[in-house]
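A.B. asks: Got a structure for you, questions after.
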Amino acid sequence: MNPPVAERLQDAVSQARWNEAVTLLQSCDAVQAAAALGSLPFEQQQSLFRRLPRDLAAAVVAKFPYYHEYVLLHSLPVGEMRPLVDNMNPDDRLRFFDELPEEAWQRLMDELSGAVAAETSGQHEPETARAPEEQPPQPGGPIIEAFQIEKGFEQPDGRQIQIIAPMDLSVESDTIFALLGPSGSGKSTLLRILSGLTVPSSGTVLVHGQPLDCCAPNIGIVFQSFALFPWLTVLENVEVPLVARGLAHPERHREALQALAMVGLKGFENAYPKELSGGMKQRVGFARALAVNPEVLFMDEPFSALDVLTAENLRGELMELWLKDQIPTKSIFLVTHNIEEAVLLADRIVVLGTHPAKIRADFRIPLPQPRDRKSAEFLVYVDYIYKVMTQPELEVGPFTQLPSLRKPSFQVLPHATAGGMAGLLEFLNDRGGKEDLYHLAEELLMEVDDLFPIVDEAVMLGFADSTQGDVRITPAGKEFAEADIATRKKLFREALLCHVTLIQQIRNALERKSDRAVPLEFFRDVLDEHLSQEDVQRQIDTALNWGRYAEIFTYDSETDRLLLNEGSGTANSSEAVLLH
């Protein structure tokens, strides 16, 4: 039996048999050829792509997601890129142009129009005249492998709430791995499972092929909250994991001092945590993790508690240590909600979905380090992740341009307030009604976890549309943004009763009671069928904020009961969704 196309292609490329590799791709359809090409390390992808006949290259590149398509095209000199783009299928070309963020689109238009001079360097010589290329290092093998790991928690009544759906994941050597996802998506839980701090409900975690619970993995962890012992000095805090490993005092003292010097804290050995700034406390956290010479360094949102400048400095110093091999770490596993941070640091990015956590996107960033935040290539990846994270109903595949829709099984309210949405709509209305999400977050100085729920609220209520990484105000949203307070409440109430199942359920239940009152615990029990206790409370908090702003109901905290606001009318009660 012939080996798979990807294996045969890898064998041909690794031995620089370029003609054979090209012939192999020509024998496949475009999707299969793209999958085989995409299985190669990126440097080899570039080398082979530059050798493909123009018609084959145009057909294959169009099957990649637009961010990879853009980077592959730019492995060619401008003079060769123009005819290749002209050779693309018109529909594929139009789709590609439409999906690019503004900066990348403008650069590409300049290049294709001739505003950017054609590059002469890198023009291709015949294969017989080329010296064999030095092969790039192959991606490292897996250090940690997880197979069908799942996590759930048991409710007081014995029911299980699934937090992480069964998934496979690996942490490879020579790789910075970034895990992205909205709040509550299970990112930290997944980190704890892979690092051995939490046991999965099912599935297997292996370290170098051995079960995690049967070995002592060499890992370090940097926490978001610093997690320093206030009664210990800086030096003593760094020595804590070394004491746990049983190192004698002279040896652990030497290792701790070396780790502190590595992170720039030489001279602060005898200080106490209360005497340090936030940035210095996190440096102590890094030193403590590095003191054990970890093979894998796990970091759980390590920069999120710091101010912008301090976080930027620490990221830069970490990358300098990594790129110059000044730390013994073979792999870094970073949990973050900051999209730019992930693209800036990571070689591989996984984006999680929620309820329960599942892998929505898994791809590599082939851009060289250090990376330029303002470059078109950088912004293409940022834009793609925004699109994935703002369209949770889309199933993203590695070689599908238009992911298929799936109907959500349960409507989850975004944790955002009516006031926050009003501010967003006013901003969009003042900016002509449309804005790129990446630019929106940048201008509003907002983190992803703060911006996305507000956008999701506006979309859910029909006041905005969010597609392809852009958010656009709808006519209903424009009417809301320009209305006075009383009219806004009316519009908001109508939107809730039209689009939000939980509000419909509450309204319906209140109208059916003779005293127009229902215990809030009743709706907690309904939500408890689908969500964890923490998420149930977030849903209740959001529903109370929305319902009270819209004057649909009030809440009596003393009796824990919801009361119908009789002034809200009953015109829409027939449209209410029954509890199920």
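Under numbering that gives the first Met the number 0, the first residue of the sequence shown carries the number 0, and numbering increases by one thereafter.
C-beta atoms are modelled at their ideal positions from N, C-alpha and C, and glycine is treated no differently.
Since the model is a prediction, treat every value here as computed from it, not as a measurement.
1) Is DSSP giving proline 240 helix, strand or coil here?
2) Work out the CA separation of glutamine 159 and valine 654 for me, nearest whole Å.
3) Return the bridge partner residues of glutamate 144 from the DSSP annotation.
4) Alpha carbon to alpha carbon, how far is valine 12 from asparagine 428?
5) Just tell me which of Phe462, Phe225 and Leu320 has its CA closest to the CA of glycine 278.
6) Kindly provide the ranges of any beta strand (DSSP E) runs that are 3 or more residues long and lie completely inside the region 269-325, ordered along the chain.
7) Between the alpha carbons of arginine 492 and threonine 500, how many angstroms are there, rounded?
8) Given a cut-off of 8 Å, decide if valine 204 and alanine 145 are closer than it, judged by their beta-carbon atoms.
9) Using only alpha-carbon positions, find the residue among Ile472, Gly266, Arg523 and Met87 that is nearest to valine 59.
10) Specify the secondary structure class of lysine 662 as computed by DSSP and reduced to three states.
11) Please classify leucine 23: is it buried, with 16 or more other beta-carbons within 10 angstroms of its beta-carbon, or exposed?
12) In its own chain, which residues sit with a C-beta less than 6 Å from the C-beta of leucine 168, not counting the 5 before and 5 after it?
13) From which residue to which residue does the beta strand (DSSP E) around glutamate 434 run?
14) Mind pulling the alpha helix (DSSP H) runs of 4 or more residues that sit fully within the region 471-498?
15) In terms of DSSP beta bridges, what is aspartate 555 paired with?
16) Out of curiosity, what's the CA-to-CA distance linking alanine 508 and threonine 416?
17) Name the DSSP beta bridge partners of leucine 178, please?
18) Ignore the nearest five residues each way along the sequence and tell me which others in glutamate 19's own chain have a CB closer than 8 Å to its CB.
19) Name the one or two DSSP bridge partners that arginine 363 has.
20) Measuring only the C-alpha atoms, how far is valine 582 from leucine 99?
21) To which residues of the same chain is serine 200 closer than 7 Å at the C-beta, ignoring the five residues directly before and after it?
22) Taking the straight line between their C-alpha atoms, what separation do you get for tryptophan 321 and valine 21?
23) Measuring CA to CA, which of Gln536, Ala475, Phe176 and Glu565 is closest to serine 513?
24) For aspartate 324, which option in Arg347, Val349 and Glu294 has the closest C-alpha, if you only look at C-alpha atoms?
25) Is threonine 541 helix, strand or coil when you go by DSSP?
26) Between His354, Leu343, Glu274 and Leu190, which has its C-alpha nearest valine 231's C-alpha?
27) Quick check on histidine 248: buried or exposed, where buried means 16 or more other Cβ atoms within 10 Å of its Cβ?
28) Tell me the DSSP secondary structure of glutamate 574 in three-state form.
29) Who are the Cβ neighbours of arginine 515 in its own chain at under 8 Å, not counting the five residues just before and after it?
30) With distances taken from CA atoms, which of Ala290, Val350 and Glu316 is nearest proline 327?
31) Is it buried or exposed for methionine 108, if we count other Cβ within 10 angstroms and need 16 for buried?
32) Hey, quick one: how far does the beta strand (DSSP E) through aspartate 464 stretch, first residue to last?
33) Output needed for leucine 83: all residues of its chain with C-beta closer than 8 Å, excluding positions within five of it in sequence on either side, in chain order.
34) Can you tell me where the alpha helix (DSSP H) holding glycine 219 begins and where it ends?
35) Where does proline 367 land, buried or exposed, given buried means 16+ other C-beta within 10 angstroms?
36) Expressed to the nearest angstrom, what Euclidean distance is found between the alpha-carbon atoms of leucine 211 and leucine 450?
C.D. replies: If we stick to the structure as given:
1) In this structure, proline 240 counts as helix in the three-state DSSP scheme.
2) Here the chain comprises residues numbered 0 to 579, so residue 654 is not present and cannot be evaluated.
3) Note: glutamate 144 sits in a beta bridge opposite Ser169 and Leu205.
4) So the alpha carbons of these two residues sit roughly 53 Å apart.
5) Among Phe462, Phe225 and Leu320, the Cα nearest to that of glycine 278 is on Phe225.
6) Listed in chain order, they are 295-299.
7) Roughly 13 Å separates the two Cα atoms.
8) Going by beta carbons, alanine 145 and valine 204 fall inside the 8 Å limit.
9) Here the closest residue by C-alpha is Met87.
10) Here the chain has residues from 0 to 579 only, and residue 662 is not among them.
11) Buried, by the Cβ-count rule.
12) Ala145, listed in sequence order.
13) Per DSSP, glutamate 434 belongs to the beta strand (DSSP E) from 433-435.
14) Runs of the alpha helix (DSSP H) spanning 4 or more residues and lying entirely within the region 471-498 occur at 474-480 and 484-498, in chain order.
15) Among the bridge pairs identified by DSSP, aspartate 555 is matched with Arg560.
16) If I take the Cα positions, the gap works out to 23 Å.
17) Note: leucine 178 sits in a beta bridge opposite Val334 and Val349.
18) Cβ neighbours of glutamate 19 beyond the five flanking positions: Ala11.
19) DSSP links arginine 363 through a beta bridge to Arg347.
20) Examination of residue 582 is not possible in this model, given that the chain is present from 0 through 579 alone.
21) Around serine 200: Glu149, Lys150 and Gly151.
22) Each residue's alpha carbon lies about 36 Å from the other.
23) The shortest C-alpha separation from serine 513 is found at Glu565.
24) Out of Arg347, Val349 and Glu294, Glu294 has the C-alpha closest to the C-alpha of aspartate 324.
25) Of the three classes helix, strand and coil, the one that applies to threonine 541 here is helix, per DSSP.
26) Note that residue 231 is leucine in the sequence shown, not valine. For the residues His354, Leu343, Glu274 and Leu190, the minimum Cα distance to leucine 231 belongs to Glu274.
27) Its Cβ having fewer than 16 others within 10 Å, histidine 248 is exposed.
28) Since pLDDT at glutamate 574 reaches only 38, below the 50 mark, its modelled position is unreliable, and the value read off the structure follows with that caveat. Correct three-state label for glutamate 574: helix.
29) Short of 8 Å from the beta carbon of arginine 515, and not among the five residues preceding or following it, lie these beta carbons of its own chain, in chain order: Leu509, Leu562, Leu563 and Glu565.
30) It is Ala290.
31) Under this definition methionine 108 is an exposed residue.
32) That run of the beta strand (DSSP E) goes 463-466.
33) Closer than 8 Å at Cβ, skipping near neighbours: Arg53, Ala56, Ala57, Val60, Leu72 and Leu75.
34) Per DSSP, glycine 219 is not a residue of any alpha helix (DSSP H); the beta strand (DSSP E) it occupies stretches across 218-221.
35) The Cβ neighbour count for proline 367, taken over all protein chains shown within 10 Å, is under 16; the residue is labelled exposed.
36) Taking the straight line from one Cα to the other gives about 38 Å.
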